[in-house]
Amino acid sequence: MSPRAGRAGPGRAMSACRRRRGRGWRTPALLAAYVLYVGLGAGVLRALEGPAERRAAQRLLQQRWELLANYTCVRGPPLQRLVQDIIQAYKSGITLQGNSTSLGRWDFSGSFFFSISTITTIGYGNLSPSTAAGRIFCIFFALFGIPLNLVLLNSIGQLMLSGVQHCAHHLEEKFHWQKKATLLMRICALLTCLLLFLLLPPVLFSAKEGWSYEEGFYYSFITLATIGFGDYVIGMNPDRTYPGWYKNVVSLWILFGMAWLALVIKFCINLLESSSDFCQCKKKSKGVVEDLMDGNKNTMTGLDDVENCNGKDPKQKDQTEWHMQTAPTEAL
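1 is the number of the first residue of the sequence shown in full-length UniProt numbering; add one for each residue after it.
Written out as structure tokens, the structure is:
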């Protein structure tokens, strides 16, 4: 064994150890970033929403004491039971209107909208089944409906992407723009979908629900992102009359809007993963340079890794192109 080969063996082992340590630290680093990000959000929300919560609690207690002081015939426990019954009735979709109550949340239109919010995992929380049979049915309905919804969203995403790619290919053939056509069509598709799914729906919600544009925009994003806080839900105001097509149109908007937003979120995921891979490639390059400076001239494994990071490996390139062609959904 030559002296150079003897030096190459330990150097290659050290390079492999560095790569394993780099991969081993990736998950803890992501977990730490995740915890810090969530902690930052918790701190900001506590600072913004905490004072309003305390003011609302004080106002509620003050109104309760004023009611008991002005109407001495009213007792505390009966009043508390009445409040709890009102809250439970509201959760079931029943509101008081003078001496009558409003019904109709479980008609076909309302039930259809509830089914959409269930299998899309939005789960507003403002309406839920109150019977044991309804709850059991909801479990099995969601068990098979959620996979069906995911398959449909994937199909809609493929349809959107194929339409963009077809238009880009047509522009390339007609104007000979090459890569400019693809970039132009993606920008146009992004702006069009942004207009259809996030910018225009708040106008409809403002007209039908009486919300401000900011409230409608907030509801649109919270719904399409399947967060579904339930603080804003369509068709819940008992003082308004809603047309029959309203909830059906909103249901279609939710379906196609979720497919579009899923593409945007996947694009953000690809950006984060690409930046992470780029950082790993820089670390690998630095490790190879250190090995070469230490006298390890035959560290071909490290050089191959650097070439793979720079996109010089033909096999890796072929696999990447095949993956991009067969991927079920690709971000706009």
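For every residue, glycine included, the Cβ atom is placed at its ideal position computed from N, Cα and C. All values reported here derive from a predicted model rather than from experimental measurement.
Nearest-angstrom Cα separation, counted from residue j out to residue i
i: Gln-84; j: Ala-47; result: 29 Å
i: Arg-55; j: Gln-62; result: 10 Å
i: residue 342; j: Leu-198; result: In this structure the chain extends from 1 to 332, so residue 342 is not present and cannot be described.
i: Leu-36; j: Pro-77; result: 44 Å
i: Ile-269; j: Pro-28; result: 18 Å
i: Ser-220; j: Leu-200; result: 10 Å
i: Leu-161; j: Ala-52; result: 44 Å
i: Leu-191; j: Ile-265; result: 15 Å
i: Lys-174; j: Ala-42; result: 52 Å
i: Ala-57; j: Ile-139; result: 35 Å
i: Gly-216; j: Ile-146; result: 26 Å
i: Phe-137; j: Leu-60; result: 38 Å
i: Ala-69; j: Arg-135; result: 42 Å
i: Ala-89; j: Tyr-71; result: 24 Å
i: Glu-273; j: Val-38; result: 19 Å
i: Tyr-34; j: Phe-267; result: 19 Å
i: Glu-172; j: Ala-181; result: 6 Å
i: Ile-26; j: Ala-142; result: It is worth fixing the name first, because residue 26 is Arg in this sequence and not Ile. If you take the alpha carbons of Arg-26 and Ala-142, they lie about 35 Å apart.
i: Ala-31; j: Leu-40; result: The amino acid occupying residue 31 in the given sequence is Leu; Ala does not appear at that position. Spanning the two alpha carbons is a distance of roughly 14 Å.
Proximity winner among the options, relative to residue i (alpha-carbon distances)
i: Met-185; options: His-170, Arg-75 and Thr-121; result: His-170
i: Leu-252; options: Gln-58, Ala-57, Ala-33 and Phe-113; result: Phe-113
i: Met-258; options: Val-203, Pro-202, Ile-269 and Leu-152; result: Leu-152
i: Ile-254; options: Pro-238, Gly-39, Thr-226 and Pro-243; result: Thr-226
i: Gly-163; options: Cys-193, Ile-86 and Ile-146; result: Cys-193
i: Phe-256; options: Arg-81, Arg-64 and Ile-116; result: Ile-116
i: Asn-237; options: Leu-263, Ser-206 and Ile-222; result: Ser-206
Extent of the continuous alpha helix (DSSP H) to which residue i belongs
i: Ala-207; result: 201–209
i: Leu-196; result: First-last for Leu-196: undefined, no H or E at that position.
i: His-170; result: 132–175
i: Phe-114; result: 108–119
i: Thr-242; result: Reading off the sequence, residue 242 comes out as Tyr, not Thr. It is not in any alpha helix (DSSP H) - Tyr-242 carries neither H nor E in the DSSP assignment.
i: Ile-222; result: 213–224
Anticipated Cβ contact below 8 Å, residue i with residue j, distance rounded
i: Asn-149; j: Ile-122; result: Going by Cβ atoms, the distance from Asn-149 to Ile-122 rounds to 11 Å, so no, they are not a contact pair.
i: Leu-195; j: Leu-224; result: Rounded, the Cβ-Cβ distance is 14 Å, inconsistent with contact.
i: Tyr-218; j: Tyr-232; result: 7 Å
i: Gly-228; j: Lys-247; result: In fact, because the Cβ distance is near 16 Å, the residues do not count as touching under 8 Å.
Closer than 8 Å: residue i CB and nearest the ligand NAP heavy atom
i: Glu-49; result: Looking for the ligand NAP in the displayed structure turns up nothing, as the structure carries no ligands at all.
Just checking, does the segment 154–164 make contact with the segment 119–130 on the three C-beta pairs under 8 Å criterion? no
At least three beta-carbon pairs within less than 8 Å, the segment 104–111 to the segment 211–229: no
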